[in-house]
C-alpha cells in the first residue's frame with residue numbers, strides 16, 4: 305500500500321475541521337451547558353471515522369479496505385479477547401476514574417473534601433443555578449453513588465460511538481504511524497487524539513473547575 309506523510313496530514317486536517325465544525329454551535333451558544341451539547345459531543349466522536357472512510361474510499365482506494373481500516377484480520381486472537389475483556393469488563397475505565405480523583409486533588413484541580421463533598425456540591429450548585437432549578441432531587445451521597453454507576457453504564461453504552469474514534473485513530477492512523485517506530489507511533493497518535501478533543505475541552509468539558517487549555521494536553 306502506498307504511504308506518505310501527506311495522507312496522515314490530510315486525515316488530521318479532515319478530523320480536526322469536522323470536530324470544530326460540529327462543536328461550532330456550542331461555541332456560539334451556551335458551551336457545555338448548551339441543550340444540544342450531548343448531541344454535538346456524540347456526533348464529534350464519529351469524526352475520526354468519517355475522516356478514515358474518506359481516506360480509504362476516496363483518497364487511497366486500496367483493494368483491501370477492511371484491512372486498511374484495521375477491521376481485518378482480527379489477530380492475535382488472544383490479545384483481542386484480552387482487550388475486549390478489559391474494556392467491556394470495565395477494569396481499566398473504572399481504575400482510571402478512581403485514580404483521577406486523588407491525582408486531581410493533589411494537583412489542586414478540585415477540593416478533596418471527601419467527607420462533606422463540597423467540590424461536588426459546588427459543581428452541582430452551578431449547574432442548578434444555570435438551569436434555573438431549585439434544590440437537588442436526591443441526597444448528595446446518592447448522587448455521588450450514581451456517578452460511579454454512570455461510569456459503569458457509560459462504558460458499555462458509549463462503546464458504539466467510541467468505535468468512531470477507534471476506527472479512525474487506531475484502525476487507520478496508528479498502523480500508518482507504526483512505520484516510524486512503535487514509541488513514536490504511540491506518542492504521535494496520542495497527541496493527535498488528545499488535541500482532537502480541544503473543541504470540547506476548551507469549553508470546560510471534563511475540567512470545569514480548571515482552565516480549558518490545561519485539559520487539552
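In my numbering, the protein residues as written are 305 to 521. Heads up, the beta-carbon is just placed ideally off N, CA and C, and yes, glycines get one too.
Item to check | Exposure label - residue 487; buried when at least 16 CB within 10 Å | outcome: Position 183 of the chain shown, counted from the start, is the residue given in the question as residue 487. Residue 487 comes out exposed.
Next on the checklist: Would residue 349 and residue 468 be called neighbours here (beta carbons separated by less than 9 Å)?
Outcome noted: Taking the first residue of the chain shown as position 1, residue 349 is located at position 45. Taking the first residue of the chain shown as position 1, residue 468 is located at position 164. Contact flag set, yes.
Checklist entry - Is the CB-CB distance between residue 375 and residue 506 below 9 Å? => result The residue labelled residue 375 in the question sits at position 71 within the chain shown. The residue labelled residue 506 in the question sits at position 202 within the chain shown. For residue 375 and residue 506, no; Cβs fall outside 9 Å.
Next on the checklist: To the nearest angstrom, how far is the alpha carbon of residue 433 from that of residue 321?
Outcome noted: Position 129 of the chain shown, counting from 1, holds the residue named residue 433. Position 17 of the chain shown, counting from 1, holds the residue named residue 321. For residue 433 and residue 321, the distance between alpha carbons rounds to 33 Å.
Checklist entry - Hey, quick one: how far does the alpha helix (DSSP H) through residue 496 stretch, first residue to last? => result Position 192 of the chain shown, counted from the start, is the residue given in the question as residue 496. If you look at residue 496, you'll find it in the alpha helix (DSSP H) that goes 486-500.
Item to check | Option nearest residue 439 by Cα separation, candidates 494, 496, 426 | outcome: As a position in the chain shown, residue 439 is number 135, starting the count at 1. Per the Cα distances, 426.
Checklist entry - Can you tell which of 500, 509, 508 has its C-alpha closest to the C-alpha of residue 352? => result Taking the first residue of the chain shown as 1, we reach residue 352 at position 48. Nearest C-alpha to residue 352: 500.
Checklist entry - Which residue's Cα is closest to the Cα of residue 421: 493, 315, 443, 403? => result Locating residue 421 in the chain shown gives position 117, counting from the first residue. For the residues 493, 315, 443, 403, the minimum Cα distance to residue 421 belongs to 443.
Item to check | Alpha carbon of residue 483 to alpha carbon of residue 397, nearest angstrom | outcome: Looking up residue 483 in the chain shown gives position 179. Looking up residue 397 in the chain shown gives position 93. If I take the Cα positions, the gap works out to 29 Å.
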